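Chains as they are written, first to last, in our numbering: chain A, 2 to 199; chain B, 11 to 816. Reviewing the structure listed below.
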Amino acid sequence: MILHKTKQASSCLPTKGEKIKIPIQNTTYSMESYTQGLLTSHLDDLAHPVVMIIEDSDEDFYTFTRVTQNLDILKRSLYKFLRFKDGDESLDYLFREGDYQSLNAPLPVVILLDLNLPGTDGRDIIKKVKQTPHLQMIPIIVLSTSSSHIDIQTCYQYGANCYMLKPMGVLEMQKTVQILFEHWFQLALLPSYGQFIV
Amino acid sequence: MQIAKTQLDRLDTVNLTNCDREPIHTPNCIQPQGVLLVLAEPDLRIVQISENAPDILGIAVADLLDRPLGDFISSDRGDLMQIIRGCLEHNFENINPLSLTVATAHEAPRNFNGIIHRAPSGEIVLELEILTAETGEDFFQFYRQIKATLAKMQTAENLAALCDLVVNEMRVITGFDRVMIYRFNEDGHGNVIAESKKDNLDAFLGMHFPASDIPKQAKQLYTLNWLRLISHVNSEPSRLVSNYKNPHPPLDMSYCCLRAVSPAHIQYLKNMGVTASMSISLIQKQQLWGLIACHHHTPKLVSYEIRTVCEFLGQLMSTELATKENNENLDYKLHLKTIQSQFVDRLTKSTDFATEITADKEALLALTGASGVAVFDGDDNIVLIGETPTEVALKSLLNWLSDRIEQDIFVTDTLPSLCPVADEYKNVASGLLAMAISKAQNQYVLWFRPELLQTVTWGGNPDYLTQVEEDGSLTLFPRASFAAWQEIVQGNSNPWLSDEVEGAIKLRRAIIDIVFRRAGELTNMNLELESINSELDAFAYIASHDLKEPLRGIHNYATFLLDDYGEALQGDGAEKLQTLLRLTTRMESLIESLLKFSRLGRQELRMNSIDLNSLLENVTELFGMNPEWENCTIRIPRPLPTVFGDRILIEEIFTNLISNAFKYNNQPEKWAEVSWIESSRHNHRCVNFYIRDNGIGIREKHLDSVFRIFKRLHAPSKYGGGTGAGLTIVKKIIERHGSKIQVESTFGKGSTFSFTLPIQKGASPPSPLSLADRGSKMLFSCSPLLQEEGLGVRVLETSSVINIKK
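Below, the structure written as structure tokens:
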């Protein structure tokens, strides 16, 4: 993710207004209607709290955004979502390195993290963030397909704040996301409490 | 005592107590086929002469004594006195034999062979032998003879061939009725190792003779004097006479050809029916190695020339002995080595040493030159080969042995003297060579040798050699009979040679090397298994995440399609999408099951004591909460024991089996009974559980396949579906607890699943790895041995190990 528009597409998907091609019955399918609250660039909105989503799979991300559309909570909230597709760029963003060196924006208020990522792995991201004083307070919510107790224990050991299983099925996914949002964005008070006008 | 009376007064008290001291080198008399003269320097005056001089020389003794030799004798080589004087400071051997002529007053001159030497006591001794017909034969004929013989001796393959050659050649040259080679053993007794004889004579070959047959001082004499001849045992010895005024020490006749022999020896020969004899020494490293012994049954004169040839042959053979004997040992060593290496070769390809070493029975015996062998392989199995004590006797012998075998090898050739009970089977086991492979595992190899009594053929009974006289002294009795006797060598076997013991040690090393190598192989196998396991881990992860992710995508997108275009697709299209959804769900659950199963094989068990009563209470509660299991009862007729296992997995066993009992059940009132009985296995440290139901049962032909993963006996729509992995998982859990699951069923009536669980820690620990059993038995059985050798052993925990450890 860079400051220049030319490279935006590489990290943010889907881009605002862009159409993603889904090879079903040769029709194109617009993402637009499902992208409420989704930032197309980290520069889009500096006034609202940003939720960082680290997810490499476009399909899973699409499913995620699609199930969130029905959630009333989001419509009423100020949270904006910023997606990253790999671990290295995520770390650059968090640590303000590489393309993000001169970025002057608040840190994300929550990180939603998939475990298996290209480049730096999700587990390493947890470890690194939780070992860094100015980042370690950011809640990390792991959303993974792995039910391996080794994965679960490793994540908590590294300091993850929550581990949730991506369930099979759209309805199940919707339930999971709804509970996740209710818990983290309605009931729980986040470290960023008071930083943004809610 | 007969022999004493037959001979001269001086000799008439030879008995066993003095036999060794009998001064056989100073008999003071000669055999009468020649004349002996002792000459004094400087004028070579005759100072001593044998009494028989008048018979042979035709001159009276009185006329000879104190007269210079030159008065009577002339040589064809010139002035005899000159010749003798020329040799006084040198070696007389160079001039022997002298062709001499004795002139008498009345008769024609007589011709003799003269042999001259200086006695150890300093005197000059001249022996005159009457020239016989064969004397004077062409020397070159003998030279040619001996040259041919020498060539053959050098090319003789081994000692036996050399001995055979020499006895045959010797008989041809000398014409004796019998020529033998007699070899002394370490204890002094001897045996006949080669023989050439007239056909009508009894064979002495192979016979043993006691050490007393040839007394110590005779052996001493034989190392000085290479050849002795007795021409006629019945001839009257002729005394030496002199004009000495004062007592004079007797002449040392060690080198005299005509020396009269001990009356005891004469009697010995007579008893054998021998009239004339000749013996030639075989000397190795200044020790009397043996004799070439020649016997004749009529009087026999052997000319000086032929005696020289024989002596030369004896000396040649003596020089060849070392080479041939070394070769002999080498041949045997090579033979042993060959057998050893064959064993080692075979053992390298083997896992079970007992089976391997007993495969070639002859070789196992030959390895140590034994006549019997017992192999204990540790499982109370004894393999017996050849002549051995009985199994019962062997077991008690092994008990006796285990306390004494300190260095892994135990060798004795007198077992009965060490182990009194062994007296019962001394005939087969007077000699024992025992090798411990592992004392802890009771693994031994025992080789046996029979009592010597069984193997030695004695020439005459050596026990009857002596007799106690009235005065209390022992009297020598030369053997009266030469029929074969067997000496009573109680409880002694032939000694074990160092190379034979070496054979056992090498075999042991080879067996232990195998154990070491197996340990190494198993370690490698372990590492390999560990790497395979980690690959399986990776695979499991791939299955859980990377395979499930696209599957999830398919599922979700099918859902979206249905949501967004359901109406457009209409009934048929929507139905097909529903099927697609169902299939992805099913595939997901199959992947889940497979994952669970693969994890089960390698996950570490958390072993704890588990009260099954409270565990089953939980299970019952869970079943009760689910409306699906209405009309279902879990029966527990008696309190359940506490077992040792992994709580979660044990619960899974019961949950799985009970839910199967209810699921595959058409009865209105379904029940599953959980109970147990004491197990006879592992000393009651396990109990036997069973879960019985009144379900639909299993057809007998399907009993084997119910545990196979994903094997289902019913259509997916019947009995609630399922992945078909439940029983496979149950089976795996039970196996991880070191047990097995069994099923019995009556189709239509119900099924009973049974399995054992340990009730005590260590009764049957779980196996972290399912390891190929090949080779492991050997490692396990030998692991204490490896530890004895200071090697750490990682004992893989399988149930078979525990059995052995117990």
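Think of the CB as a built atom: it goes at the ideal place given N, C-alpha and C, for glycine as much as any other residue. Here the structure is a predicted model, which is why all the values come from computation and not from measurement.
Query raised in the report: In chain A, which residues lie less than 9 Å from Phe549 (chain B) when you measure between Cβ atoms?
Result: Going along chain A, no residue has its Cβ under 9 Å from Phe549 (chain B), so there is no contact; the nearest lies around 13 Å.
Query raised in the report: Ordered along the chain, which non-local residues of its own chain (more than five positions away) have a Cβ less than 6 Å from that of Thr665 (chain B)?
Result: Val629
Query raised in the report: Using 8 Å as the threshold, is the region 239-251 of chain B in touch with the region 183-199 of chain B, meaning 3 or more CB pairs across them?
Result: no
**Report entry** Thr233 (chain B) and Ile183 (chain B) closer than 7 Å at C-beta
**Finding:** no
Requested in this report: Have a look at Gly379 (chain B) and Thr368 (chain B) and give me their C-alpha separation to the nearest angstrom.
Outcome: 15 Å
Query raised in the report: Using a C-beta cutoff of 7 Å, does Lys586 (chain B) count as contacting chain A?
Result: no
Report task. Give the C-beta separation of Val71 (chain B) and Ile83 (chain B) to the nearest angstrom, bearing in mind that I take them to be a contact with Cβ-Cβ under 8 Å. Result -> Incorrect: roughly 16 Å between the Cβ atoms, too far for contact.
**Report entry** Contacts that Ser78 (chain A) makes with chain B (C-beta to C-beta distance below 8 Å)
**Finding:** What Ser78 (chain A) touches in chain B: nothing, since even the nearest Cβ is about 24 Å away.
**Report entry** Within chain A, the residues that Glu598 (chain B) reaches when beta carbons sit closer than 8 Å
**Finding:** Met169
Query - Own chain residues within Cβ distance below 8 Å of Gln164 (chain B), not counting five before or after - result: Glu330
**Report entry** Paired residues, beta bridge with His305 (chain B) - DSSP
**Finding:** B:Arg188 and B:Ser287
Query raised in the report: Is the number of C-beta pairs between the region 752-771 of chain B and the region 720-734 of chain B that are closer than 8 Å three or more?
Result: no
Requested in this report: Compare the C-beta of Glu56 (chain A) with all C-beta atoms of chain B and state if any pair is closer than 7 Å.
Outcome: no
Query raised in the report: Mind checking whether Leu561 (chain B) and Thr594 (chain B) have CB atoms under 7 Å apart?
Result: yes
Report task. In angstroms with no decimal places, state the Cα-to-Cα distance between Lys131 (chain A) and Thr177 (chain A). Result -> 25 Å
Report task. Following the continuous beta strand (DSSP E) through Trp686 (chain B), name the residue where it begins and the one where it ends. Result -> Lys680 to Glu688
Query raised in the report: Does the beta carbon of Gly563 (chain B) come closer than 7 Å to any beta carbon on chain A?
Result: yes
Query raised in the report: Counting only runs that start and end within the region 587-641 of chain B, where is the alpha helix (DSSP H) found for 4 or more residues in a row?
Result: 622-635
Report task. Using DSSP bridges, identify the partner residues of Lys207 (chain B). Result -> B:Arg188
Requested in this report: Taking a Cβ distance cut-off of 7 Å, strictly less, list which residues of the region 608-621 of chain B are near chain A, in chain order.
Outcome: none
Requested in this report: Evaluate Met190 (chain B) with the Cβ neighbour count: other Cβ atoms within 10 Å of its Cβ, from every protein chain shown; 16 or more gives buried, anything less gives exposed.
Outcome: buried
**Report entry** Residues near Leu298 (chain B) in its chain [Cβ-Cβ closer than 7 Å; skip 5 each side]
**Finding:** Phe194, Lys229, Tyr232, Thr233 and Ser291
Query raised in the report: Would Arg616 (chain B) pass as a contact of Asp656 (chain B) if the rule is Cβ separation under 7 Å?
Result: yes
Query raised in the report: Excluding five sequence neighbours on each side, which residues of the same chain lie with their C-beta closer than 6 Å to the C-beta of Phe363 (chain B)?
Result: Ile521
**Report entry** Where Thr595 (chain B) meets chain A, residues with beta-carbon distance less than 7 Å
**Finding:** Met169
**Report entry** Identity of the residue in B:Leu301, B:Phe420 and B:Ala432 nearest Tyr454 (chain B) by Cα
**Finding:** B:Phe420
Query - Cβ-based neighbour list, Glu61 (chain B), same chain, cut-off 6 Å, excluding 5 preceding and 5 following - result: Ser248, Arg249 and Val251
Query raised in the report: Cβ atoms of Met53 (chain A) and Pro109 (chain A): under 7 Å apart, would you say?
Result: yes
Query - N-terminal and C-terminal residue of the beta strand (DSSP E) that Asp656 (chain B) is part of - result: Thr652 to Asp656
Query raised in the report: If the cut is a Cβ gap below 7 Å, which residues of chain A does Glu577 (chain B) touch?
Result: Here the premise fails: no neighbours, minimum Cβ distance about 14 Å.
Requested in this report: Compare the C-beta of Lys742 (chain B) with all C-beta atoms of chain A and state if any pair is closer than 7 Å.
Outcome: no
Query raised in the report: Can you find a C-beta in chain B that's less than 7 Å from the C-beta of Glu60 (chain A)?
Result: yes
Query - CA nearest to the CA of Leu590 (chain B), picked from A:Val111, A:Phe96, A:Gly170 and A:Leu92 - result: A:Gly170
Requested in this report: Measure from the alpha carbon of Glu662 (chain B) to the alpha carbon of each residue in B:Lys449, B:Leu626 and B:Cys642, then state which is nearest.
Outcome: B:Leu626
Query raised in the report: From Gly216 (chain B) to Leu507 (chain B), what distance separates their C-alpha atoms?
Result: 20 Å
Query - Ser351 (chain B) - DSSP class collapsed to helix/strand/coil - result: helix
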